[in-house]
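K.L.:
Numbering (the numbering used here), first residue to last: 1 to 238.
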């Protein structure tokens with residue numbers, strides 16, 4: 001059963017706005033920053049959460065799970081075995097600036113340009129449990145993802161003058177992109193959940209001399225296993 005959070009925490013980290021707004025520090029600066037944020041102030045929380053949960057549930061279904069939501073808790077509790085409860089305990093969205101450096105070497109000379117990009121971080125906490133498993137009595141996990149403006153730049157070197165010009169365009173992050181982003185990360189985090197269960201199963205069923213230290217992922221579309229890097233849940237308890 002997938003349990004969704006009741007609300008989304010939202011924070012603007014663009015504190016530089018306080019100077020331009022001439023805000024008194026005695027005021028509630030968090031609410032001022034949120035009200036003056038570019039994305040969060042107009043975010044439809046219900047739509048964001050609905051897309052997140054839709055992506056998560058559809059992705060779990062692709063692995064062969066029968067997915068229940070909170071409205072189907074009676075049906076879920078009537079099941080007698082092999083059940084898992086995934087509680088998306090908290091979602092936090094942070095609006096900030098992300099510094100991206102575009103860099104190159106031209107004739108052994110180093111050139112760079114720093115972009116301050118609009119950025120949205122989505123931080124998620126999950127609680128995964130199985131009533132029949134001591135190992136999975138209540139595991140807590142964290143994961144985060146980022147979406148930003150997309151810079152497209154090129155360094156132009158003039159061989160006659162020896163000067164370098166940097167030219168670029170910015171594909172700006174738009175409000176509606178956040179909802180498709182929610183669906184996409186929901187889809188990916190369901191895969192993280194499956195991968196965790198997969199690796200727990202490998203740990204139980206394979207003898208130590210046959211079980212490598214690798215954390216495996218499974219591509220359900222191409223039916224292949226491959227090692228994970230940072231693309232997995234981060235456990236917060238043992």
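Glycine residues also receive a C-beta, built at the ideal position from the N, C-alpha and C atoms.
Would the beta-carbon of residue 94 fall within 7 Å of that of residue 121?
P.N.:
One-based indexing of the chain shown puts residue 94 at position 94. One-based indexing of the chain shown puts residue 121 at position 121. Against a cut-off of 7 Å, the Cβ pair of residue 121 and residue 94 comes out as a contact.
K.L.:
Can you round the beta-carbon distance between residue 56 and residue 190 to whole angstroms, since I take them to be within the 8 Å contact cut?
P.N.:
If you number the chain shown from 1, residue 56 lands on position 56. If you number the chain shown from 1, residue 190 lands on position 190. The pair is a contact, with the Cβ atoms about 5 Å apart (cut-off 8 Å).
K.L.:
Can you say whether residue 250 is buried or exposed, counting buried as having 16 or more other CB atoms within 10 angstroms of its CB?
P.N.:
The first residue shown for the chain is 1 and the last is 238, placing residue 250 beyond what the model contains.
K.L.:
Restricting to runs no shorter than 3 residues, where is the beta strand (DSSP E) found entirely within the segment 81-166?
P.N.:
Runs found: 85-106, 109-129, 139-148, 150-157.
K.L.:
Going by DSSP, name the residue or residues bridged to residue 241.
P.N.:
Because the chain here runs from 1 to 238, residue 241 falls outside it and cannot be looked at.
K.L.:
Going by the beta-carbon positions, is the gap between residue 36 and residue 17 smaller than 7 Å?
P.N.:
Within the chain shown, the letter at position 36 stands for residue 36. Within the chain shown, the letter at position 17 stands for residue 17. For residue 36 and residue 17, yes; Cβs fall inside 7 Å.
K.L.:
Considering Cα atoms alone, identify which of 221, 220, 223, 203 is closest to residue 214.
P.N.:
Numbered from 1 along the chain shown, position 214 holds the residue referred to as residue 214. The candidate whose alpha carbon is nearest that of residue 214 is 203.
K.L.:
Assign residue 219 to one of three DSSP states: helix, strand, or coil.
P.N.:
Translated into the one-based positions of the chain shown, residue 219 becomes position 219. Strand at residue 219.
K.L.:
Hey, could you find the ends of the alpha helix (DSSP H) residue 52 is sitting in?
P.N.:
Translated into the one-based positions of the chain shown, residue 52 becomes position 52. Element bounds for residue 52: 45-62.
K.L.:
What does the alpha-carbon distance come out to for the pair residue 98 and residue 79?
P.N.:
Taking the chain shown and counting its residues from 1, the one referred to as residue 98 is at position 98. Taking the chain shown and counting its residues from 1, the one referred to as residue 79 is at position 79. Each residue's alpha carbon lies about 46 Å from the other.
K.L.:
Which residues in the same chain have their Cβ closer than 6 Å to the Cβ of residue 3, if we skip the five residues on either side of it in sequence?
P.N.:
For the purposes of this step, residue 3 is taken as the residue at position 3 of the chain shown. Result list for residue 3: 70, 87, in chain order.
K.L.:
Can you tell me where the alpha helix (DSSP H) with residue 29 in it begins and where it stops?
P.N.:
Within the chain shown, residue 29 is the residue found at index 29, counting from 1. Where residue 29 is concerned, the enclosing alpha helix (DSSP H) stretches over 29-35.
K.L.:
If the criterion is Cβ atoms closer than 7 Å, does the pair residue 66 and residue 140 meet it?
P.N.:
Taking the chain shown and counting its residues from 1, one reaches residue 66 at position 66. Taking the chain shown and counting its residues from 1, one reaches residue 140 at position 140. No, they are not a contact pair.
K.L.:
Can you tell me which of the three DSSP states residue 171 falls into?
P.N.:
Here residue 171 refers to the residue found at position 171 of the chain shown. Three-state DSSP puts residue 171 in a strand.
K.L.:
Can you check whether the CB of residue 63 is closer than 7 Å to the CB of residue 104?
P.N.:
On the chain shown, position 104 is the one that residue 104 refers to. On the chain shown, position 63 is the one that residue 63 refers to. Not in contact: residue 104 and residue 63 (Cβ atoms no closer than 7 Å).
K.L.:
Can the beta-carbon of residue 84 be found closer than 7 Å to that of residue 130?
P.N.:
The residue given as residue 84 occupies position 84 in the chain shown. The residue given as residue 130 occupies position 130 in the chain shown. Closer than 7 Å, so yes.
K.L.:
Tell whether a beta-carbon distance below 7 Å holds between residue 47 and residue 12.
P.N.:
Taking the chain shown and counting its residues from 1, the one referred to as residue 47 is at position 47. Taking the chain shown and counting its residues from 1, the one referred to as residue 12 is at position 12. In this structure, residue 12 does not lie closer than 7 Å to residue 47 by Cβ.
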